[in-house]
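Participant:
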Amino acid sequence: MHPARIRLIALLIGGASGLAAVEAWAFTISISPRNPRVIYLQIGVGSFTGLYNSGGSPAANPTVNVVSVTVPAAAVGSGTAQPMTSNTGATNSFYDNFTFCSAGQLYVGGFYRRNNSSSGPGATLTASSSSPLINAAGDSIPFTEIQWTSSGIGDTGAQPFPAGTFNGGTQTIGTINRNQWAESCHSFSYRNTAVVPAGTFTGTVTYTLTAP
Amino acid sequence: MRPRFLFVAGVLAWASFAGTVEATTFRVDDSATIPHESSATLRWRQIAPSRGGDNTIEGSTTVQVRLNLAPWLNRSGRVFLVLPEQPIGPVRVSWTTQGRLLPGQLVSGQRALVQAGPITSPVLDETLILKIETDGTRMSSAVRLNFHFEIDID
Numbered sequence: 001m002h003p004a005r006i007r008l009i010a011l012l013i014g015g016a017s018g019l020a021a022v023e024a025w026a027f028t029i030s031i032s033p034r035n036p037r038v039i040y041l042q043i044g045v046g047s048f049t050g051l052y053n054s055g056g057s058p059a060a061n062p063t064v065n066v067v068s069v070t071v072p073a074a075a076v077g078s079g080t081a082q083p084m085t086s087n088t089g090a091t092n093s094f095y096d097n098f099t100f101c102s103a104g105q106l107y108v109g110g111f112y113r114r115n116n117s118s119s120g121p122g123a124t125l126t127a128s129s130s131s132p133l134i135n136a137a138g139d140s141i142p143f144t145e146i147q148w149t150s151s152g153i154g155d156t157g158a159q160p161f162p163a164g165t166f167n168g169g170t171q172t173i174g175t176i177n178r179n180q181w182a183e184s185c186h187s188f189s190y191r192n193t194a195v196v197p198a199g200t201f202t203g204t205v206t207y208t209l210t211a212p
Numbered sequence: 213m214r215p216r217f218l219f220v221a222g223v224l225a226w227a228s229f230a231g232t233v234e235a236t237t238f239r240v241d242d243s244a245t246i247p248h249e250s251s252a253t254l255r256w257r258q259i260a261p262s263r264g265g266d267n268t269i270e271g272s273t274t275v276q277v278r279l280n281l282a283p284w285l286n287r288s289g290r291v292f293l294v295l296p297e298q299p300i301g302p303v304r305v306s307w308t309t310q311g312r313l314l315p316g317q318l319v320s321g322q323r324a325l326v327q328a329g330p331i332t333s334p335v336l337d338e339t340l341i342l343k344i345e346t347d348g349t350r351m352s353s354a355v356r357l358n359f360h361f362e363i364d365i366d
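Chains as they are written, first to last, in this note's numbering: chain A, 1 to 212; chain B, 213 to 366.
#1: Can you name the residues that DSSP bridges to residue 207/A?
#2: If contact means a Cβ-Cβ distance below 8 Å, which residues of the segment 27 to 47 of chain A contact chain B?
#3: So, at 8 Å on beta carbons, what are the nonlocal neighbours of residue 80/A in its own chain, with the 5 sequence-adjacent residues on each side left out?
#4: Can you tell me whether residue 350/B is helix, strand or coil according to DSSP?
#5: In whole angstroms, give me the CA-to-CA distance for residue 56/A and residue 297/B.
#6: Please check if any C-beta of chain B sits within less than 9 Å of the C-beta of residue 166/A.
#7: Helix, strand or coil for residue 297/B, going by three-state DSSP, please let me know.
#8: Is the segment 232 to 248 of chain B touching the segment 140 to 160 of chain A, taking contact as three or more C-beta pairs under 8 Å?
#9: Just how far apart, CA to CA, sit residue 95/A and residue 50/A?
#10: Which class does residue 307/B belong to by DSSP, given the choice of helix, strand or coil?
#11: Considering only residues of the same chain and omitting the five flanking positions on each side of residue 289/B, which have a CB-CB separation below 7 Å?
#12: Using 10 angstroms around the beta-carbon of residue 153/B, count the other beta-carbons present and answer buried if the total reaches 16, otherwise exposed.
#13: Quick one: using the 10 Å Cβ neighbour count with 16 as the cut-off for buried, is residue 99/A buried or exposed?
#14: Spatial neighbours of residue 151/A within its chain, please: CB distance less than 6 Å, with the 5 preceding and 5 following residues excluded, ordered by chain position.
#15: Smallest Cα separation from residue 88/A: which of 107/A, 77/A, 212/A and 71/A?
#16: Is the Cβ-Cβ distance between residue 197/A and residue 168/A less than 9 Å?
#17: What separation, rounded to the nearest whole angstrom, lies between the Cα atoms of residue 187/A and residue 274/B?
#18: Using only alpha-carbon positions, find the residue among 303/B, 328/B, 320/B and 321/B that is nearest to residue 187/B.
#19: Quick test of your reading: residue 271/B and residue 31/A, contact by CB under 8 Å. State the CB separation rounded to the nearest angstrom.
#20: By the three-class DSSP mapping on this structure, what secondary structure does residue 95/A have?
#21: When you compare only the Cα positions, how much space is there between residue 284/B and residue 123/A?
#22: Nearest to residue 268/B by CA position, among 183/A, 211/A, 179/A and 204/A, is which residue?
#23: CA-CA distance, residue 162/A and residue 189/A?
#24: Got a sec: is the Cβ-Cβ distance from residue 336/B to anything in chain A below 9 Å?
#25: So for residue 283/B, helix, strand or coil by DSSP?
#26: Closest Cβ-Cβ distance between residue 98/A and chain B: below 9 Å?
#27: To the nearest angstrom, how far is the alpha carbon of residue 171/A from that of residue 323/B?
#28: Check whether the Cβ atoms of residue 83/A and residue 69/A lie closer than 9 Å to each other.
#29: In angstroms, rounded to a whole number, what distance separates the CA positions of residue 181/A and residue 316/B?
#30: Would you say residue 359/B reaches chain A, if we count a Cβ-Cβ gap shorter than 9 Å as a contact?
#31: Take residue 354/B as the anchor and find which of 133/A, 54/A, 115/A and 59/A has the nearest alpha-carbon.
#32: Given a threshold of 16 other Cβ atoms within 10 Å of its Cβ, counted over all protein chains shown, does residue 53/A qualify as buried or as exposed?
#33: Three-state secondary structure (DSSP) at residue 243/B?
#34: Of the choices 148/A, 72/A and 131/A, whose alpha-carbon is the least far from that of residue 140/A?
#35: Within the 9 Å Cβ cut-off, does residue 233/B reach chain A?
#36: Using CA coordinates, which residue listed in 340/B, 321/B, 319/B and 311/B is at the minimum distance from residue 328/B?
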């Protein structure tokens, strides 16, 4: 009889142990990211409270920047590109206040903030130049006559917003990868490939940063 | 005689084991604990991606804690808050209290002491204000953090 009793006791102990393991109390807190997407675009003049690398925050700036050139009469239509200059005076990066652009260049920069950065597309910067430059007489010059080079003081490697020429429509200027700040300085020039009437020609290019 | 001999040996082994263990850990019944909000919303600490790579999102929430300590009444022990490791990486939690539990902090995968000494009440009520931080770049959707309490009985 003794062996049978011992086995019975062992079974009871095993059952008690199993019951204890089932008791798994816990309280749950769900966490979720709020407003995970933030984008900032600065074309020319921008606004920032403080600096980005010290916890600063961007602000809205409605300034429309002007890039211009005066072509001497003797040079009109010569095919020699005419350098253009911007009126922005924005040469320092809000990234760290570093003097990134030279006078007369147009600062192009911004950042794209979002969660889950391990994969996925960045934010896309496009420019729309569908309406040509027009003078008071109604004569026009297509924006395809304006091109730019891209650089940045101290930069090496490819620019995030590389050199190009306006296409008279909507085109991609560059990409800002997730959780990165990207910036370039554009130096514009008028290609001057056609003889055009005298006058002051003005037009607007609209830059748009789009986050997926 | 052979079965009797084995039984005695088993008893001796158990006695030896019990003598070398200083504390035993038990899961505390916190089933009456209630978070005040259904979800804690975490926001970027820095709205711009920083040069130092600070991609922290942070937020806070309040939890009404009720611990059933009746099984250990009049015994001495140490109560810990525990947060297991999380698939989204380290989650840092700090909290303040009303004084019945200790304030503290922990990183997921760790436990932190919230009370030590004799258990004088079968039920312990406390309000914790939790501050939660994690890497926002690794968080694509809502995540459930399963906290629990455990007690070491001396």
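Don't be surprised by glycine CBs; every beta carbon is placed ideally from N, CA and C.
Facilitator: The structure says:
#1: In the first sequence, residue 207/A corresponds to position 207, counting from 1. Answer by DSSP bridge pairing, in chain order: 127/A.
#2: Flagged, chain order: 27, 28, 29, 30, 31, 32, 33, 34, 35, 36, 38 and 40.
#3: Sequence index remark: in the first sequence, residue 80/A carries index 80 (1-based). 192.
#4: For this step, residue 350/B is matched to residue 138 along the second sequence. DSSP places residue 350/B in helix when its eight states are reduced to three.
#5: For this step, residue 56/A is matched to residue 56 along the first sequence. For this step, residue 297/B is matched to residue 85 along the second sequence. Taking the straight line joining both Cα atoms gives about 32 Å.
#6: The residue given as residue 166/A occupies position 166 in the first sequence. Answer no: the Cβ-Cβ gap between residue 166/A and chain B never drops below 9 Å.
#7: Locating residue 297/B in the second sequence gives position 85, where the first residue counts as 1. DSSP, reduced to helix, strand and coil, places residue 297/B outside both helices and strands of the structure shown, so it counts as coil.
#8: Put simply, the segment 232 to 248 of chain B does not touch the segment 140 to 160 of chain A. Fewer than three CB pairs are less than 8 Å apart.
#9: As a first step, residue 95/A is located in the first sequence; it is residue number 95 there, counting from the start. As a first step, residue 50/A is located in the first sequence; it is residue number 50 there, counting from the start. Spanning the two alpha carbons is a distance of roughly 10 Å.
#10: Here the question's residue 307/B lines up with position 95 in the second sequence. The answer is strand: DSSP assigns residue 307/B an E or B state.
#11: Here residue 289/B corresponds to residue number 77 of the second sequence, with the count starting at 1. Same-chain partners within the cutoff: 331, 363, 364, 365 and 366.
#12: Not covered by the structure: residue 153/B. The range shown for chain B is 213 to 366.
#13: Position 99 of the first sequence, counted from the start, is the residue given in the question as residue 99/A. Classification for residue 99/A: exposed.
#14: Within the first sequence, residue 151/A is the residue found at index 151, counting from 1. Around residue 151/A: 185.
#15: Reading the first sequence from its first residue, position 88 is the one you call residue 88/A. The shortest C-alpha separation from residue 88/A is found at 107/A.
#16: In the first sequence, residue 197/A corresponds to position 197, counting from 1. In the first sequence, residue 168/A corresponds to position 168, counting from 1. Cβ distance not < 9 Å, so residue 197/A and residue 168/A don't count as in contact.
#17: To locate residue 187/A, count along the first sequence from 1; it is residue 187. To locate residue 274/B, count along the second sequence from 1; it is residue 62. Cα to Cα, residue 187/A sits roughly 54 Å from residue 274/B.
#18: Nothing about residue 187/B can be read from this structure; chain B reaches only from 213 to 366.
#19: As a first step, residue 271/B must be located in the second sequence, where it is residue number 59. As a first step, residue 31/A must be located in the first sequence, where it is residue number 31. Between residue 31/A and residue 271/B the Cβ distance is about 7 Å, and since that is below 8 Å, they are a contact.
#20: Taking the first residue of the first sequence as 1, we reach residue 95/A at position 95. Here residue 95/A sits in coil by DSSP.
#21: For this step, residue 284/B is matched to residue 72 along the second sequence. For this step, residue 123/A is matched to residue 123 along the first sequence. Looking at the two C-alpha atoms, the distance is approximately 57 Å.
#22: The residue given as residue 268/B occupies position 56 in the second sequence. Proximity to residue 268/B across 183/A, 211/A, 179/A and 204/A peaks at 179/A, based on C-alpha coordinates.
#23: Numbered from its first residue, the first sequence carries residue 162/A at position 162. Numbered from its first residue, the first sequence carries residue 189/A at position 189. The straight-line gap separating the alpha-carbon atoms of residue 162/A and residue 189/A is approximately 15 Å.
#24: The residue given as residue 336/B occupies position 124 in the second sequence. By this cut-off, residue 336/B is not an interface position.
#25: Within the second sequence, the letter at position 71 stands for residue 283/B. In the structure shown, residue 283/B sits in a helix (DSSP, three-state: H, G or I).
#26: On the first sequence, residue 98/A is found 98 positions in, with the first residue counted as 1. Chain B contact via Cβ: absent.
#27: In the first sequence, counting from the first residue as 1, residue 171/A sits at position 171. In the second sequence, counting from the first residue as 1, residue 323/B sits at position 111. Rounded to whole angstroms, residue 171/A and residue 323/B show a C-alpha spacing of 54 Å.
#28: For the purposes of this step, residue 83/A is identified with residue 83 of the first sequence, where counting begins at 1. For the purposes of this step, residue 69/A is identified with residue 69 of the first sequence, where counting begins at 1. Yes, the Cβ-Cβ distance between residue 83/A and residue 69/A is below 9 Å.
#29: Here residue 181/A corresponds to residue number 181 of the first sequence, with the count starting at 1. Here residue 316/B corresponds to residue number 104 of the second sequence, with the count starting at 1. Spanning the two alpha carbons is a distance of roughly 35 Å.
#30: To locate residue 359/B, count along the second sequence from 1; it is residue 147. The beta carbon of residue 359/B falls within 9 Å of a beta carbon belonging to chain A, placing the residue at that interface.
#31: Translated into positions along the second sequence, residue 354/B becomes position 142. Considering only alpha carbons, the answer is 115/A.
#32: By 1-based counting over the first sequence, the position of residue 53/A is 53. Buried is the call here.
#33: Translated into positions along the second sequence, residue 243/B becomes position 31. Per DSSP, reduced to three states, the secondary structure at residue 243/B is coil, with no helix or strand assignment.
#34: Here residue 140/A is taken as the residue at index 140 of the first sequence, counted from 1. It is 131/A whose Cα lies nearest to the Cα of residue 140/A.
#35: The residue you call residue 233/B lines up with position 21 of the second sequence. Its pLDDT being 48, under 50, residue 233/B is placed unreliably by the model, and nothing is read from it.
#36: Working through the second sequence from its first residue, we reach residue 328/B at position 116. For residue 328/B, the nearest C-alpha among the options comes from 311/B.
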